[in-house]
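Below is one structure; the comments refer to it alone.
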Amino acid sequence: MQELPKAYNSDTEKEISKLWYESGLTNPDKMAEHLKESGEEVKEPFVITLPPPNANGNLHLGHVCGYSFHDVMGRYMRMTGHPTLLLPGKDHAGIQTETVFAKHLSEQGKSKQELGREKFYEETYKFCMSNIENAREQEKRIGLSADYSRELFTLDPGLTEIVYETFSQMFDEGLVYRDKRIINQCPSCMTALADIDVEHEERRGIFAYIIYPFVEEEDRKLAKELLGVEGITVATTRPETMLGDTAVVVNPKDKRYKAFVGKKVLLPIAEREISVIADEDTDMEMGTGAVKVTPAHSSVDFEIGKKHGLEVVNVINEEGKMEGDIPERFKGMETVECSKALSKELEKQGLLIKIENIRHEVTVCERCRTPIEPIISNQWYLDVSSLAKKAQKNIKKGKLRVFPKGQQKALSHFFEEIQPWCISRQLWWGQRIPIWYSGGKKLYDWLHENEGKSVEDYKEETGKEPTGTGKLYVGAERPESKNGEVWEEETDVFDTWFSSGQWPFSTLGGPDGEDFKKFYPTSMMIHARDILFWWSARMVMMGLYRTEKLPFSDIFLTGMILAPDGSKMSKSKGNSVEPKEIFEKYGADSLRLWYYSDALPGSNAPVREEKIKGNRNFVNKVWNASRFILMNVEDSEIGEISKRIEGPMEETERMKRTRDHVKKVGEYIEKYQFNLGSEKIREFFWHEFCDIWIEQVKESIEDEEIGSEKRILYLSELLYLLKENLKIMHPFMPFVTESVWQELSKLGLAKGLLMSEQMMSR
RNA sequence: GGACGAUUAGCUCAGCUGGUUAGAGCACUACAUUCACAUUGUAGAGGUCGUUGGUUCAAAUCCAUCAUCGUCCACCA
0 MQELPKAYNS
10 DTEKEISKLW
20 YESGLTNPDK
30 MAEHLKESGE
40 EVKEPFVITL
50 PPPNANGNLH
60 LGHVCGYSFH
70 DVMGRYMRMT
80 GHPTLLLPGK
90 DHAGIQTETV
100 FAKHLSEQGK
110 SKQELGREKF
120 YEETYKFCMS
130 NIENAREQEK
140 RIGLSADYSR
150 ELFTLDPGLT
160 EIVYETFSQM
170 FDEGLVYRDK
180 RIINQCPSCM
190 TALADIDVEH
200 EERRGIFAYI
210 IYPFVEEEDR
220 KLAKELLGVE
230 GITVATTRPE
240 TMLGDTAVVV
250 NPKDKRYKAF
260 VGKKVLLPIA
270 EREISVIADE
280 DTDMEMGTGA
290 VKVTPAHSSV
300 DFEIGKKHGL
310 EVVNVINEEG
320 KMEGDIPERF
330 KGMETVECSK
340 ALSKELEKQG
350 LLIKIENIRH
360 EVTVCERCRT
370 PIEPIISNQW
380 YLDVSSLAKK
390 AQKNIKKGKL
400 RVFPKGQQKA
410 LSHFFEEIQP
420 WCISRQLWWG
430 QRIPIWYSGG
440 KKLYDWLHEN
450 EGKSVEDYKE
460 ETGKEPTGTG
470 KLYVGAERPE
480 SKNGEVWEEE
490 TDVFDTWFSS
500 GQWPFSTLGG
510 PDGEDFKKFY
520 PTSMMIHARD
530 ILFWWSARMV
540 MMGLYRTEKL
550 PFSDIFLTGM
560 ILAPDGSKMS
570 KSKGNSVEPK
580 EIFEKYGADS
590 LRLWYYSDAL
600 PGSNAPVREE
610 KIKGNRNFVN
620 KVWNASRFIL
630 MNVEDSEIGE
640 ISKRIEGPME
650 ETERMKRTRD
660 HVKKVGEYIE
670 KYQFNLGSEK
680 IREFFWHEFC
690 DIWIEQVKES
700 IEDEEIGSEK
710 RILYLSELLY
720 LLKENLKIMH
730 PFMPFVTESV
740 WQELSKLGLA
750 KGLLMSEQMM
760 SR
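Quick look at the structure:
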């Protein structure tokens, strides 16, 4: 007769997880040993590299719940003979962390520049380390059975080494190159961004109609006659860029402008002459049908410029301020300010027809929502076309699968349309690109921009004394300098995704690592939908490149957690739900059970407290059913019952049904149908095991004497089946099942940890 | 502008390759119960499966169309 608390107390969860981590069995090597010792078959390892959360803040509910999918897979596999590795880590998250920490500094009245690069890096590192500790605790709280002896941070020296190797190899093969082209500059983060790192947002804006008068008197006359004004009218959302215009383009089929193609107009204010050119891609319907071309500050215009050999005139710098060969009065102005000033002057000159207020799509920085400034600059690029092709092949052959299926098409489309990837960022927080310039970066870029010219030409044309050969060196350490040659180090860092794209093999020690041999390729990947292109797409490409194998063959995308009202959770809206709150109120198991059923791939899951509560009732039911059985077992009977459940049991109908049940649930898990799995364990345990079997046994032994054969027989079977139920329920609800297991252990009715037990054989 | 997905009970969703009275959880109603269960048990109400057509002996399930919502992609000045 055992005295147990009347209800399951989730406060004990911390102690339970301590047992797991202290046992070391989350380590696949130890688990393999354990299996061997228990005389079990040791099957193929099961491996998931966990998505590393950003080390710049707390985990939100989405992170925490996401891990319950990794964990249900991991625990099930561990309990079916697979030494299991759930490999945890944390991500340095370049831009985001730099922004967050810089903000943090400014709140203390300090700035990044004051600290200097080295100190800033140091401080940010400390900041991340404390966040990492928090994050780790939260992961443990949901019951994540990860191997923390292998935990990594993306900036760990060992990982950086592997990332550098990859870069160096890519460089040698010519996949990596420096190029001067139009890029997305975030004037606030002060760095270049890849196309994928920007988003489109509808904002209010203006549409200004400006007249560019013709240079020749006769053209002006003709224009007055045909167009009503003495010039050609262009419409633009960004008047300030006109200072960098180098042409006006019209459609060759456009009757209105046919007569003016090839003629010159005078760019107002800038007082420069530019030509009217014709290009078929010009839309006659938009605006006035005549478009100003600013190759330096619009990617479309850049392409037109390239096609027609137009000059590139830079008028905006990386801070989003006006600069370059423009009238002095505009220099240093913000673009918006300049736009207003220009409009005023144009109006005075009678060259501004009108300004319309419009709503239009604006490109913004994904991190800080600041409008992107397209500018020309030198950046490092990775040619991913061949890698994307390989990835695409794997999808077509069915070797790479995405759940839900619809997203597989999206991924396929992404690979098809892929553009060179800009991998350099002008940040301090991250891995410095391991490049050294002999004679400096400027020399290299000059030679690169002026094809065919030599160092001597550089000396002549710029009047500067070169301090090197203009060559590059790839490596972590500064190369030896000979004959006074100066090696200047690259100051840019890698895009964060360049390193996290290598996560599945870098975390295993790289292609030569011991763990790599044992655990690569990994078994599957699970993460939220929103980083499919950023992360999985890159992991697939980088994995194929570095290891010639897919890093995983299945990608399972979790549903998105929403606020209770169905809107996106965000701290600024104040509608986010703190994981801690839920843990304290309902315990981790209840949260996990809710998530399995609601967060299916491709669906949204608004947090509903009543539903979590409903699952808490189930958790409690498991506890109480177990408690009831234990209460019915008398101390004097334990020895005999224990002996029976250890030995071979007679096959009964209940036994068979349980066996079938375990099999069915296993199939659900293997097919990633966690919702069906959790529904099934609930249905079976509650409405069959409890409502029918326990009730039957209760009735059968009611009048039996303690120690009688009938009692021993019934109770042994019931206990045996309880244990099998606990096992199959364990992956879904690890805490309560392990708690019960430990209570059984105390009585000698079970041994060790439920986590490392093996499922009822099929 | 394009692609993809969704539309099933009050809410969140299951319903795989078409086949008897369409399911779950939560919420709801009635009765029972303090017998292990912050309850639990039993019973119940609630859906013409977004629209309109089509294929079929048979459709929530396949096809087409429209509508609404969502996500992603896209340089439209």
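Going by numbering that gives the first Met the number 0, the first sequence opens with residue 0, and the numbers climb by one from there. Don't be surprised by glycine CBs; every beta carbon is placed ideally from N, CA and C. Fair warning: this is a prediction, and the values are worked out from it, not measured in the lab.
Closest Cα partner of residue i within the set the options
i, options, result
"Val473", "Met654, Glu365, Pro186, Glu172", "Glu172"
"Leu748", "Leu717, Thr83, Pro733, Met732", "Leu717"
"Glu272", "Gly230, Arg255, Thr235", "Gly230"
"Pro44", "Phe731, Pro520, Thr557", "Pro520"
"Arg431", "Ala475, Phe683, Trp622", "Ala475"
"Gly23", "Leu84, Pro51, Ser37", "Leu84"
"Ala31", "Val71, Asp70, Pro82", "Pro82"
"Pro51", "Ser499, Phe518, Asn356, Thr123", "Ser499"
"Met169", "Glu327, Met541, Ile693", "Met541"
"Thr785", "Met538, Thr236, Glu217", "Summary: the structure shown does not reach residue 785, with the chain confined to residues 0 through 761, and so no result is reported for it."
"Val248", "Ser677, Thr232, Ala387, Glu239", "Thr232"
Assigned secondary structure, residue i (DSSP; H/G/I helix, E/B strand, else coil)
i, result
"Trp486", "strand"
"Arg761", "Confidence is the limiting factor: at Arg761 the pLDDT is only 49, short of 50, which leaves the residue's position unreliable, though a coordinate-based value still follows. Correct three-state label for Arg761: coil."
"Tyr120", "helix"
"Val311", "coil"
"Gly646", "coil"
"Pro238", "helix"
"Pro4", "coil"
"Tyr380", "strand"
"Trp427", "coil"
"Arg135", "helix"
"Asn53", "strand"
"Thr232", "strand"
"Met321", "strand"
Beta-carbon proximity check, residue i vs residue j, cutoff 7 Å
i, j, result
"Tyr120", "Trp435", "no"
"Leu771", "Ile205", "This structure does not reach residue 771, given that the chain is present from 0 up to 761, and the question cannot be answered."
"Leu60", "Val576", "yes"
"Pro600", "Leu561", "no"
"Lys610", "Trp593", "yes"
"Ile325", "Ala207", "no"
"Ile525", "Phe68", "yes"
"Thr96", "Asn55", "yes"
"Phe493", "Ile422", "yes"
"Glu201", "Glu360", "yes"
"Ser49", "Leu18", "For clarity, residue 49 is Leu in the given sequence; the question names Ser instead. No."
"Asn8", "Asp146", "no"
"His296", "Thr240", "yes"
Contacting residues, own chain, Cβ-Cβ under 8 Å from residue i (five flanking each side not counted)
i, result
"Tyr176", "Trp379, Tyr380, Asp382"
"Pro251", "Lys257, Val260, Ala277, Asp278, Glu279"
"Gln184", "Thr190, Ala191, Leu192, Glu317, Gly319, Ile371, Glu372, Pro373, Ile374, Ser376"
DSSP bridge partner residues for residue i (one or two, in chain order)
i, result
"Tyr204", "The residue asked about is misnamed: residue 204 is Gly in this sequence, not Tyr. Answer is Ile357."
"Ile525", "Phe555"
"His199", "Thr362"
"Thr96", "Thr96 is not bridged to any residue."
Beta-carbon contacts of residue i that lie in its chain and below 6 Å, excluding the five residues immediately before and after
i, result
"Arg643", "Ser715"
"Val485", "Thr466, Gly467"
"Glu488", "Trp435"
"Asp553", "Arg400, Met523"
"Leu242", "Ala269, Val314, Ile325"
"Arg761", "Confidence at Arg761 is low in this model, with a pLDDT of 49, below 50, so its placement is unreliable and no value can be given for it."
"Val683", "According to the sequence provided, residue 683 is Phe. The question's Val does not apply to it. Counting only Cβ-Cβ distances below 6 Å, and skipping sequence neighbours, we find His660."
Sequence-distant residues of its chain with Cβ nearer than 7 Å to residue i (five each side left out)
i, result
"Lys35", "Val41"
"Asp253", "Met283, Gly288"
"Glu703", "Lys709, Arg710"
"Phe515", "Phe504, Leu507, Gly508, Gly509"
"Ser161", "According to the sequence displayed, residue 161 carries Ile and not Ser. These residues qualify, in order along the chain: Gln501, Ser505, Gly509."
"Val696", "Tyr713, Leu717"
"Gln418", "Asp194"
Residue i Cβ short of 6 Å to the ligand HEM heavy atom set
i, result
"Leu426", "With respect to the ligand HEM, the structure shown offers nothing to examine, as it has no ligands at all."
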